[in-house]
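Residues 2 to 349 (our numbering) make up the sequence shown, in order.
Taking it in order: structure first as structure tokens, then the write-up.
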Amino acid sequence: MTIASSTTPLQSTLRLVLTVAVVQGLAHITGLADGYYASLAVLSVSVGSYGDTLELGRQRLLGTALGAVIVLIAYPALKGLPMVVGLPLAMLLAQLLAAALRLRVGYTVCLFVVVVGWLAHNTQLDSWLPLRLIWTALGVFLALLSIRLFWPSRARLAQRQGLLDLLDRLGVVLADHLLRPSPRRGGDPLVRELREQMLGLRSQRGGALRELGSAAGEHPVAQMWAAFDAHCETLILVLDGIQRLGTLGWQRPALRGLAVRLSERVLAMQQRMARWREHLLRNPQALPDPPLPLWVPQNLTTWVDEPSQQALATAELQQLATHLNLLNQLERSLHETELRWQQALTRA
């Protein structure tokens, strides 16, 4: 699956110009004062990716709202003091509250609103502050909307879809190859193709992570991608290991019952991964089903009784033990993936 490339610098520039033009047009049509604050908001928060723009917009709105509240309260309370005393006290309060809210960009915006409101609009705070907040909110909204409408980057959606498609293919191939491996010199071309698909998704993940913003590594979606990617890698390693083991005589009486049980379990894992896809397509933010309990035992005698073991050669027993160990790794990977999935959404 080919993932859409990121937006080019030319497209980003054109998108910014179009958005500012739309904002200026709206300001001119409405005839309201201070419409340039919307254009300033667009220019300040438009950084290319939706995640970064959303975070900058949030910070700018919070900073504007916080500065408005502070200047509304502090100016009437402190205007009797000399300006060199009252204004610094208001700015100190703004700094403390902005730091408490962990505002970075919003910190500067908050101080700007306090200073400009105090010095230039102290006689019209009741009208200037609401207009400033409305224009800022409009600018942030249109900046976010423009990223969705004009040359949107599809890397995030394509990354998730690519991982789910890869998991589907791996589940089908695993079920087909579990009891009917076809060892070939140099490995199975299908397994190589699946590995190349996984590596292609990894190489294109950077564009998807940029859509999540500057703290992409802490984003639940990025953590889910990492969990699915690790499970895909384990699936490919298990497939490759099964191919290299060669064919066991599964139709022999000593292994026939075990073959049925393994087929049922692998089918259950395949169906479980198919439910992942359905779940993510239906509601990506909802918690997954509880993880399946680990099922594959470590002890070979749990699977094959003593008489059946005696009917098998030593090499066949070793091959069977390796086969079961690979499936045990797959079981643990599926279990850990679902746990990581739950933890990522729980921390969100």
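Beta carbons: idealized from backbone N, C-alpha and C, even for Gly.
From a predicted model like this one, the values you see are computed outputs, not experimental measurements.
CB contact flag (residue i, residue j, <8 angstroms)
i      : j      : result
Val141 : Arg61  : yes
Asp35  : Arg157 : no
Leu143 : Thr20  : yes
Tyr38  : Thr137 : yes
Leu57  : Ser45  : yes
Val192 : Asp230 : no
Collapsed DSSP secondary structure at residue i in the structure displayed
i      : result
Trp136 : helix
Leu102 : coil
Trp129 : helix
Ala121 : coil
Thr338 : helix
Pro285 : coil
Phe151 : coil
Ser81  : Just to set this straight, residue 81 is Gly in the shown sequence, not Ser. Of the three classes helix, strand and coil, the one that applies to Gly81 here is coil, per DSSP.
Gln299 : Residue placement at Gln299 is flagged as unreliable, the pLDDT there being 49, under the threshold of 50; the coordinate-derived value follows with that caveat. Reduced to three states, the DSSP call for Gln299 is coil.
Asp53  : helix
Val48  : coil
Thr9   : coil
Asp189 : coil
Asp290 : coil
Leu331 : helix
Euclidean distance between Cα positions of residue i and residue j
i      : j      : result
Leu167 : Asn326 : 23 angstroms
Arg348 : Pro221 : 8 angstroms
Asp290 : Leu346 : 12 angstroms
Leu33  : Ala66  : 20 angstroms
Ala216 : Glu317 : 51 angstroms
Asn329 : Pro10  : 48 angstroms
Ala99  : Ile237 : 49 angstroms
Gln244 : Asp189 : 7 angstroms
Any C-beta of chain B under 8 angstroms from that of residue i
i      : result
Glu337 : No chain B appears in the structure shown, which is made up of a single protein chain.
Alpha helix (DSSP H) runs contained entirely in the segment 205-247, provided each spans 4 or more residues:
Entirely contained in the segment 205-247, the alpha helix (DSSP H) runs reaching 4 residues are, in chain order, 206-212, 221-246.
4-residue-minimum alpha helix (DSSP H) runs that sit fully inside the segment 17-46, ordered along the chain
Runs found: 37-46.
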